[in-house]
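**Student:** Residue numbers (my numbering): 30 to 289. Here it is: the structure, laid out below.
Written as structure tokens, this is what we have:
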């Protein structure tokens, strides 16, 4: 879809009802909860090796302190002073790579949501649709742009950061359904839709986050893995009502290996 057409649809967006979007989100979640759980599982599995490598030095210090008593605070000072530039660069690079992979997985999940919303067939392989060079590099740049915008927004007393949360929430949606757009165009239309539906989106994000956390905690804590993805559903429905979809967005499916 051309950016001019996207901007026109945003400009002519109809009024949406808070209660209707929330109710439709709950109904859609009934179709997507399993895929939402798989999304959290994939994110955890991908992040786990990096977390283990990151904490190996800290675990070593904890073991040393356990053997010698917990009053050896200089051990921690020695650890942080001795961290090499290579290790620090590894941590920073790992954060960027993980962030890009998560953007790609989220975008793939939104495509899956669209398919389930339209009663289309999905497979586990759909989650890896954007884990390709041409898409992953764009996801990487999107994540860098998010960080570059977030840093000054947080420095300015966090109030601007609260504002940009809403446009940020649309980055992966425009990327998922319009992967041919440049990063600059994705940012532009995301801020356009975020500005147009800021209050509605922000309110739904807050309510959806609270509902997912409360229900997840009521399910003995582990339920959060099943309910966490609910927060994406209101934003998806706003995108659907304002922008809509083109059939070509989901025509090309990756090779199917396993039915969900």
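Note that CB positions come from ideal geometry on N, CA and C, so glycine has one too.
Alpha carbon to alpha carbon, how far is residue 251 from residue 275? Give it in angstroms, no decimals.
**Tutor:** Their backbone Cα atoms lie some 37 Å apart in a straight line.
**Student:** Please report the residue range of the alpha helix (DSSP H) in which residue 133 lies.
**Tutor:** First-last of the alpha helix (DSSP H) with residue 133: 114 to 146.
**Student:** Determine contact between the segment 179 to 194 and the segment 129 to 142, defined as no fewer than three beta-carbon pairs at a distance below 8 Å.
**Tutor:** Cβ pair count under 8 Å is below three, so no.
**Student:** Select from 231, 199 and 141 the residue whose C-alpha is nearest the C-alpha of residue 64.
**Tutor:** Residue 64 has its Cα closest to that of 141, out of 231, 199 and 141.
**Student:** Spatial neighbours of residue 160 within its chain, please: CB distance less than 6 Å, with the 5 preceding and 5 following residues excluded, ordered by chain position.
**Tutor:** So the qualifying residues of the chain are 133.
**Student:** Smallest Cα separation from residue 261: which of 231, 249, 246 and 121?
**Tutor:** The option with the nearest alpha carbon to residue 261 is 231.
**Student:** Look at the alpha carbon of residue 165 and the alpha carbon of residue 129, and state the distance between them as a whole number of angstroms.
**Tutor:** C-alpha separation (whole angstroms): 7 Å.
**Student:** Which of the three DSSP states, helix, strand or coil, is assigned to residue 158?
**Tutor:** Note: residue 158 maps to coil in three-state DSSP.
**Student:** Identify whether residue 214 lies in helix, strand or coil by the three-state DSSP scheme.
**Tutor:** Correct three-state label for residue 214: helix.
**Student:** Is residue 120 near residue 83, with beta carbons less than 8 Å apart?
**Tutor:** A contact, by the Cβ cut-off of 8 Å.
**Student:** Taking only three categories from DSSP, how would you classify residue 187?
**Tutor:** Reduced to three states, the DSSP call for residue 187 is coil.
**Student:** Tell me the rounded alpha-carbon separation between residue 223 and residue 88.
**Tutor:** Those two C-alpha atoms are separated by around 43 Å.
**Student:** Please report the distance separating the alpha-carbon of residue 203 from that of residue 215.
**Tutor:** Going from the Cα of residue 203 to the Cα of residue 215 covers about 6 Å.
**Student:** Here's the rule I'm using: 16 or more other beta-carbon atoms within 10 Å means buried, otherwise exposed. How should residue 74 be labelled?
**Tutor:** Under this definition residue 74 is an exposed residue.
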